[in-house]
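Structure first, then comments.
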Amino acid sequence: MEIFLIRHAIAVPRGPDLDDAARPLTRRGRKRWARAVRGLARLGIGFDRIYHSPWLRAVETADALATLLDGESIVTPYLAMSPGAELIEELSGERIALVGHEPWLGELLASLLFDSRREPSRFELRKGGVAWLVGERRLGGMRLRALLTPKVLRAL
Amino acid sequence: MPPDGLTSGPGGTQRPGARTISPRRWIEHLIAQLPVARAGVDPEGVHQVRVATARLRVWLRLGRRRVLNDDLKWLRDHAASVRDLDVHLSRELPSSVELHLRTQRSGARGELLRALDHARVRGLLDALSLLPPLSRREAVPRVARLARAALRRGRYVVAHPRRLPGLHALRRAVRRLRFALEWLGACPDPVIDLQDVLGTVGDCMVALAHLDLIPRGTRDGHAYRRRLERELARHVREARHEWHRARRTLEEVARWKSS
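Chains as they are written, first to last, in our numbering: chain P, 1499 to 1654; chain F, 17 to 275.
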């Protein structure tokens, strides 16, 4: 199984009048992410499933990513919280994308690589960044094939 | 020009001249109907879950949103399995057929309850509630595209009258168009009438598909199947009549552009 952990693209900053979950992508965020998606396409990357958080910035990020989808998209609240067994158990497919948020994606990355969430702060994906994992769908069962920053993806 | 006006139904009312199209009322309607569907006492709950998810899928299509569509379809498919059997069981049935249908329904209802308990529903409702309204101006040409798709399906049905899958595709296309027009504010009667009669065609086709799952049965069962087939043939003739009535309206909608 290949898992692509993807942090949402650049979104409108937090503010007192805007619920955190309702923050949309900025125009710049959309444009940059669209270029990054083209970079993923040039790498020959496609997905048979996209899982994404229900928060608006993740929905919009997943929507743009859906041009690379040959299968089903699935919304899951487990990508808008600290990752647990329910998320891992839900995942299926051969090549899947998980679109979510920090710090939870960092925690998930540590869990999948090391079966540990002892040091989640050592992993932080940039907005629009991608961690490409390969292996078995279990804690500590995956290895890191590549960490793709948004700048690198846009440059491809 | 697209018509201004008010839609029927609990969720689709759009003020004439509104610039945006909000899904809020249909989301609220879906949320209200989920516990009714779960309780299983009033079959209308399952029906309304199906209707609400179908309408919201069209709203996503008008906004060119790809994600959340599969989630709505997943929920809708579970509701539809139960609803189709409820509709079939409301007919006068031979006892052998009724027994098998009730068994099928029991299975479908179990699947629906598992789906309603799934975290995916919570995620779906949260995500839908966060989406901004659509621009009406951007939706209009997409409605026109749906009308063109319905016209293509209709022409295929006219050219190949014996191919029932063509009718199924036309039914889906007209249903999408109807919901899209209602999102804009109103749907002309010829489109509604066409969709309604295509719905009865669909009910017969689904009922016959249910019978295909029943082992070879009694003389009553065979007689019932033949009755369904005659009913299907009658509804297909009605659908062709309504198609010719609605075609001009579809052609007008197909020419809409955003102003």
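Built from N, CA and C at the ideal position, the CB exists for glycine as well.
Considering only residues of the same chain and omitting the five flanking positions on each side of P:R1540, which have a CB-CB separation below 8 Å? Walking along the first sequence from the start, residue 1540 of chain P turns up at place 42. Closer than 8 Å at Cβ, skipping near neighbours: L1654.
Which first and last residues belong to the alpha helix (DSSP H) in which F:R179 is found? If you number the second sequence from 1, residue 179 of chain F lands on position 163. That residue, F:R179, is in no alpha helix (DSSP H); it is neither H nor E in DSSP.
Near F:L227, which residues of its chain fall below 8 Å by C-beta distance, leaving aside the five closest residues on each side in sequence? On the second sequence, position 211 is the one that residue 227 of chain F refers to. Counting only Cβ-Cβ distances below 8 Å, and skipping sequence neighbours, we find V113, G237, Y240, R241 and L244.
Please go through the same chain and pick out, in chain order, the residues whose beta-carbon is closer than 8 Å to the beta-carbon of F:R9, but skip the five residues on each side of it. Residue 9 of chain F is absent from the structure shown; chain F starts at 17 and stops at 275.
Contacts of F:V74 in chain P (Cβ-Cβ under 8 Å): By 1-based counting over the second sequence, the position of residue 74 of chain F is 58. Neighbours of F:V74 on chain P: none; closest Cβ ~17 Å, over 8 Å.
Taking C-beta pairs closer than 7 Å, name the residues in chain P that F:G139 reaches, listed in chain order. Position 123 of the second sequence, counted from the first residue, corresponds to residue 139 of chain F. Near F:G139 (Cβ distances below 7 Å), the residues of chain P are P1552, V1573, T1574 and P1575.
Since F:D86 meets chain P, which of its residues come closer than 8 Å, beta carbon to beta carbon? One-based indexing of the second sequence puts residue 86 of chain F at position 70. Ordered by position in chain P, the residues that pass the 8 Å Cβ test against F:D86 are E1570, S1571 and I1572.
DSSP beta-bridge partners for P:Y1549? For this step, residue 1549 of chain P is matched to residue 51 along the first sequence. Note: P:Y1549 sits in a beta bridge opposite P:I1572 and P:L1596.
Given that a residue counts as buried once 16 or more other Cβ atoms are within 10 Å of its Cβ, and exposed if not, what is P:D1561? Translated into positions along the first sequence, residue 1561 of chain P becomes position 63. P:D1561 should be labelled buried.
Answer yes or no: do F:R232 and F:V74 have a C-beta to C-beta separation smaller than 7 Å? The count along the second sequence starts at 1 and reaches residue 232 of chain F at position 216. The count along the second sequence starts at 1 and reaches residue 74 of chain F at position 58. Going by C-beta atoms, F:R232 is not nearer than 7 Å to F:V74.
Under 8 Å: do the stretch 210-222 of chain F and the stretch 247-265 of chain F share three or more Cβ pairs, one atom per stretch? yes
Can you list, in chain order, the residues of its chain whose CB lies under 6 Å from that of F:L46, leaving out five sequence neighbours each side? For this step, residue 46 of chain F is matched to residue 30 along the second sequence. Cβ neighbours of F:L46 beyond the five flanking positions: A68.
So that I know if they touch, is there some Cβ in chain P lying closer than 7 Å to that of F:V269? Start at 1 with the first residue of the second sequence, and residue 269 of chain F comes out as number 253. So no, F:V269 is outside the interface.
Tell me the DSSP secondary structure of P:F1665 in three-state form. Because chain P spans 1499 through 1654 in this model, residue 1665 of chain P falls outside it and cannot be assessed.
Are there three or more Cβ pairs, one per stretch, closer than 8 Å when the stretch 1594-1606 of chain P is compared with the stretch 1547-1557 of chain P? yes
Which of the three DSSP states is assigned to F:S38 in this structure? Locating residue 38 of chain F in the second sequence gives position 22, where the first residue counts as 1. Coil at F:S38, not helix or strand.
P:A1560 at chain F interface by Cβ criterion, 7 Å: Within the first sequence, residue 1560 of chain P is the residue found at index 62, counting from 1. For P:A1560, the answer is yes, since a Cβ of chain F falls inside 7 Å of its Cβ.
Where do the N-terminal and C-terminal ends of the beta strand (DSSP E) with F:V11 fall, by residue? Outside the shown range of chain F (17 to 275) lies residue 11 of chain F, about which nothing can therefore be said.
In the DSSP assignment, the alpha helix (DSSP H) including F:L266 goes from what residue to what residue? What you label residue 266 of chain F is simply residue 250 of the second sequence in a count that begins at 1. Its alpha helix (DSSP H) spans residues R235 to A270.
Please report the straight-line C-alpha distance between F:L150 and F:V156, rounded to a whole angstrom. The residue given as residue 150 of chain F occupies position 134 in the second sequence. The residue given as residue 156 of chain F occupies position 140 in the second sequence. Near 11 Å, if we compare the C-alpha coordinates of F:V156 and F:L150.
Looking only at its own chain, which residues have a Cβ that is under 8 Å from the Cβ of P:L1516, when we skip the five neighbours before and after it? Stepping through the first sequence from its first residue, residue 1516 of chain P is reached at position 18. Taken in chain order, the residues that qualify are V1510.
Give the straight-line distance between the Cα atoms of P:L1500 and P:A1608, rounded to the nearest whole angstrom. Position 2 of the first sequence, counted from the first residue, corresponds to residue 1500 of chain P. Position 110 of the first sequence, counted from the first residue, corresponds to residue 1608 of chain P. Strictly speaking, residue 1500 of chain P in this sequence is Glu, with Leu absent from that position. Distance between the alpha carbons of P:E1500 and P:A1608 is about 16 Å.
In chain order, which continuous runs of the alpha helix (DSSP H) of length 4 or greater are located wholly inside the stretch 73-145 of chain F? 85-105 and 111-133
Buried or exposed: P:G1627, going by 16 or more other Cβ atoms within 10 Å of its Cβ? As a first step, residue 1627 of chain P must be located in the first sequence, where it is residue number 129. Classification of P:G1627: buried, given that the 10 Å Cβ count is 16 or more.
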